[in-house]
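These notes concern the structure reproduced below.
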Amino acid sequence: MFSLGKGDSPPRVPGWRLKDFPDLPDCVQIDKDVKVLKTQRGIEFVRTPDEQFQGLSNFDYEPHYAVIDDLRMHYIDEGPRDGELVLLLHGQPTWAYLYRKMIPPIVEAGYRVIAVDHIGMGRSDKPIDIGVHTFEQHVEWHKQFIASLGLTGITLFCQDWGSLMGLRVAGDLPELFARIVVANGTLPVLREGGNPFRIPNPVKIDCSLGSFEEFVGQRRTQTPPKDAAIALLAWAQFFQTWIRYSLTAPDFTPSQVVQVASYIDLPPEELAGYDVPFPSFIYKAAVRSFPSMVAAIEQNNVPAWENLGKFTRPFLFLGGELDLNMGRRENQERLTKHIPGAKGQPHERYPHAAHFIQEDEGKRLGEKVAEFIAATPQTG
Numbered sequence: 290m291f292s293l294g295k296g297d298s299p300p301r302v303p304g305w306r307l308k309d310f311p312d313l314p315d316c317v318q319i320d321k322d323v324k325v326l327k328t329q330r331g332i333e334f335v336r337t338p339d340e341q342f343q344g345l346s347n348f349d350y351e352p353h354y355a356v357i358d359d360l361r362m363h364y365i366d367e368g369p370r371d372g373e374l375v376l377l378l379h380g381q382p383t384w385a386y387l388y389r390k391m392i393p394p395i396v397e398a399g400y401r402v403i404a405v406d407h408i409g410m411g412r413s414d415k416p417i418d419i420g421v422h423t424f425e426q427h428v429e430w431h432k433q434f435i436a437s438l439g440l441t442g443i444t445l446f447c448q449d450w451g452s453l454m455g456l457r458v459a460g461d462l463p464e465l466f467a468r469i470v471v472a473n474g475t476l477p478v479l480r481e482g483g484n485p486f487r488i489p490n491p492v493k494i495d496c497s498l499g500s501f502e503e504f505v506g507q508r509r510t511q512t513p514p515k516d517a518a519i520a521l522l523a524w525a526q527f528f529q530t531w532i533r534y535s536l537t538a539p540d541f542t543p544s545q546v547v548q549v550a551s552y553i554d555l556p557p558e559e560l561a562g563y564d565v566p567f568p569s570f571i572y573k574a575a576v577r578s579f580p581s582m583v584a585a586i587e588q589n590n591v592p593a594w595e596n597l598g599k600f601t602r603p604f605l606f607l608g609g610e611l612d613l614n615m616g617r618r619e620n621q622e623r624l625t626k627h628i629p630g631a632k633g634q635p636h637e638r639y640p641h642a643a644h645f646i647q648e649d650e651g652k653r654l655g656e657k658v659a660e661f662i663a664a665t666p667q668t669g
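Position one of the sequence shown corresponds to residue 290 (this note's numbering), numbered consecutively onward.
Structure, rendered in C-alpha cells:
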C-alpha cells in the first residue's frame with residue numbers, strides 16, 4: 290500500500306519514465322519525433338502543438354498561459370475584467386473543454402470566468418514522468434497559479450479531481466474565496482493507515498486491456514444501489530480497477546471515459562475534443578496517473594477540512610444522481626453538514642446527470658452559478 294505516515298512525502302508512482310519508452314511493448318505506439326523539453330529543476334515535459342486545437346467544436350477561446358515552476362499552465366479568461374471571478378477546475382481525464390457549455394451563461398450574466406487546465410492536461414505543459422504527478426504537487430501548482438494572477442474574491446466551481454484540489458486550496462487559503470460550488474466532488478480525509486488503494490509496482494503496460502467501454506462492461510449511469518454501504522463498496526472496488534486500467538492500458542483514450550461516464554450521447558466532434566491534447570502516448574502521463582494519486586491521501590487534507598468546517602461564506606453542492614461516487618447523496622450531505630456556508634443554500638440534484646455533469650447539464654449549471662452569485666452578494 291502506498292500511504293502517508295506523519296512526515297512522509299507523497300509517494301512516487303513506480304513505473305515507466307522517458308528512458309523506459311524504447312522498452313515498451315509493441316501494443317504501444319511511440320512517437321519518437323516529439324521534442325522533449327526540460328525545466329530548470331530537471332522535469333522533462335512535452336508541449337502539445339497549437340495546431341491540435343484548431344477547429345474545436347464550440348470552443349473558440351483565446352489561450353492564456355501562466356508560467357508555474359518553468360511549466361506553462363493554460364487557462365481561458367473570458368468576461369469583464371471587473372466582474373466577479375468564477376474559477377472553473379476540471380477533473381480527469383478532461384480539460385477546460387469540459388466547460389464549453391457553462392462558460393457562455395456565466396459570462397452573459399456579467400461575470401469573469403477563468404477555466405484552468407491542470408499541468409499535464411489540455412493546453413498546459415505535460416511532464417512525461419508519471420512519478421511527477423502527485424496530489425501535493427498539483428495542489429502546490431494551483432496555489433502558485435492563483436498567486437501568479439493575484440486572484441481574490443474567487444467563486445470556485447469544481448468537479449472530480451478539480452474538487453479534491455480546489456477544496457484543498459480553498460481550505461488552506463479560505464480568505465481568497467467568496468463562494469464555493471461543488472458538482473460531483475469531495476475532499477477525502479482518511480484515517481492514518483486506512484487508505485485502501487494500491488498502485489501496481491512496477492507499472493507495466495498490459496497489452497490485453499482493450500477500450501475503456503470494454504473494460505467497464507457498461508455505461509456508469511445505471512441506477513445506484515439503494516444500500517449506501519453496498520454502493521460505497523462497489524465504488525471502491527471499481528476505483529481500484531480504474532487505477533490499474535488508467536496506468537496500464539496501452540491505448541488510454543479520454544473521450545471513451547467521458548462518454549461512458551456521461552448520461553447523454555456526445556456527438557463525435559465533441560468527443561474528439563477531449564483527445565486532441567494527447568496525440569500520442571508520451572503526452573498522457575497526467576491523465577493516466579491522476580487516479581493513482583488518491584493512494585497518497587490520508588491525513589494531509591485534515592487542516593483544510595477543519596478550515597472548511599469554519600467556512601461561513603456561501604457553499605453549494607450540485608449532484609448528478611447517476612454518479613455512483615462523488616454525486617451520491619451521502620457525499621453531498623457529508624459536505625453540506627460540515628461546511629456552515631451550505632446552510633439554507635439551494636442545493637440541487639439532477640436525475641439525468643452522471644459523473645460528467647457539465648456535459649449532461651452544462652447550460653443549466655452555468656445559469657445556476659450565475660444565479661447563486663447574484664443571490665449571495667459579497668459583504669466585504
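Don't be surprised by glycine CBs; every beta carbon is placed ideally from N, CA and C. Predicted, not measured: the structure shown is a model, and the values here were computed from it.
Limits of the unbroken alpha helix (DSSP H) element including residue i
i    : result
M582 : From DSSP, M582 is part of no alpha helix (DSSP H); its letter is neither H nor E.
F434 : F424 to L438
T625 : R618 to H627
L560 : P557 to D564
E503 : F501 to V505
W384 : Looking at the DSSP string, W384 is not in any alpha helix (DSSP H), and its letter there is neither H nor E.
E648 : I646 to D649
Q545 : P543 to V549
L670 : For residue 670 there is no data in the structure shown, the boundaries of the chain being 290 and 669.
N596 : V591 to L597
Selection from the options that minimises the alpha carbon distance to residue i
i    : options                   : result
F748 : S578, Y386 and H627       : Since the first residue of the chain shown is 290 and the last is 669, residue 748 is not available in this structure.
R602 : G411, F661, D649 and V421 : F661
S413 : S497, M582, F334 and R577 : F334
N473 : A584, K415, L378 and K432 : L378
L462 : P477, I443, C316 and G451 : I443
S569 : I319, F579 and P416       : I319
A467 : S452, W450 and T441       : T441
P338 : D322, V492, I332 and R330 : D322
G455 : C496, A643 and L597       : L597
F310 : I571, S500, E558 and I357 : I571
L360 : E373, K390 and K415       : K415
E503 : W531, R623 and Q634       : W531
H427 : I419, C316 and H407       : H407
Y563 : P556, S452, P543 and G344 : P543
F600 : K626, Y388, L613 and G344 : K626
I392 : T668, Q667, K657 and A663 : K657
F486 : S500, P580 and V375       : P580
D418 : F604, E622 and K573       : K573
G482 : L345, N589, H641 and P666 : N589
E595 : S578, L624 and L605       : L624
S672 : V547, G331, L376 and G420 : An answer regarding residue 672 cannot be provided, because it is not within the stretch 290 to 669 covered by the chain.
R577 : I488, L611, V549 and G372 : I488
T383 : E559, V547, I628 and F528 : V547
R336 : K324, F342 and Q343       : K324
Cross-strand partners of residue i (DSSP beta bridge)
i    : result
I662 : Paired residue(s): none; I662 is not in a bridge.
R401 : L374
L326 : F334
H353 : Y364
D447 : Reading off the sequence shown, one finds Cys at residue 447, where the question assumed Asp. In the DSSP output, where bridge partners are listed per residue, C447 has L378 and V471.
Y639 : G609
K415 : V335
F466 : I443
Where the beta strand (DSSP E) through residue i begins and ends
i    : result
G608 : F604 to G609
E367 : L360 to E367
Inter-residue spacing [alpha-carbon to alpha-carbon] between residue i and residue j
i    : j    : result
F541 : N620 : 28 Å
P394 : R370 : 16 Å
L433 : K632 : Sequence inspection shows Gln at residue 433; the Leu mentioned does not correspond to that position. Cα to Cα, the separation comes out at about 31 Å.
A404 : D366 : 7 Å
G609 : G655 : 15 Å
K398 : K493 : What sits at residue 398 in the sequence shown is Ala, not Lys. Approximately 49 Å between the Cα atoms of the pair.
D449 : D312 : 33 Å
V505 : L536 : 15 Å
T668 : R653 : 26 Å
I357 : A663 : 33 Å
V591 : R457 : 9 Å
Residue i vs residue j beta-carbon contact at 8 Å
i    : j    : result
H422 : A575 : yes
N490 : I586 : no
G380 : V402 : no
A355 : L438 : yes
H363 : G409 : no
F424 : M615 : no
C447 : V471 : yes
Y670 : E650 : Residue coverage of the chain in this structure runs from 290 to 669, which leaves residue 670 outside it and unanswerable.
A643 : S551 : yes
E637 : L613 : no
V459 : L445 : The sequence shown places Ala at residue 459, rather than the Val named in the question. Result yes, Cβ atoms of A459 and L445 sit closer than 8 Å.
L498 : P557 : no
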